[in-house]
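In the numbering used here, the protein residues as written are 25 to 134. Here a beta-carbon is modelled for each residue, glycine too, at the ideal position from N, C-alpha and C. Just so you know, these numbers come straight off a predicted model, no measurement behind them.
Structure representation (structure tokens):
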């Protein structure tokens with residue numbers, strides 16, 4: 025499974041309604057939606073510009089969940105897996121692989 029597929033699976037997991045165990049672990053509907061949206065944005069960044077854009081992703085989902093008091097459990101594991109995959113992909117990304125997308129400079133006339 026590639027990174028975008030993993031992010032898609034995480035988005036699907038976070039779209040489902042929270043169970044009792046999730047709520048007991050500190051999840052709220054608002055937090056679930058916000059983190060789902062953040063992961064969805066990261067997935068879109070990889071889809072539109074391309075996989076090289078992973079260099080610009082700096083997820084701090086672990087810090088966010090810690091501030092919110094989320095305890096270990098199913099959803100936290102899903103989110104931490106996403107953060108780990110993004111970090112590993114960013115570290116493995118060759119720096120010079122970004123495709124040139126800008127137009128060549130214009131010639132001045134006169």
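Under 8 Å between C-beta atoms of residue i and residue j
i, j, result
"residue 12", "residue 106", "Residue numbering for the chain in the displayed model covers 25 to 134; residue 12 lies beyond these limits and cannot be assessed."
"residue 38", "residue 63", "yes"
"residue 53", "residue 99", "no"
Residues near residue i by beta carbon distance below 7 Å, same chain, minus five either side
i, result
"residue 67", "28, 31, 32 and 35"
"residue 92", "50 and 55"
Residue i - DSSP class collapsed to helix/strand/coil
i, result
"residue 107", "helix"
"residue 57", "helix"
6 Å Cβ shell around residue i - same chain, five flanking residues per side excluded
i, result
"residue 113", "27 and 78"
"residue 109", "27 and 30"
"residue 95", "49 and 50"
Residue of the options minimising C-alpha distance to residue i
i, options, result
"residue 85", "98, 47, 115 and 59", "59"
"residue 43", "87, 97 and 83", "97"
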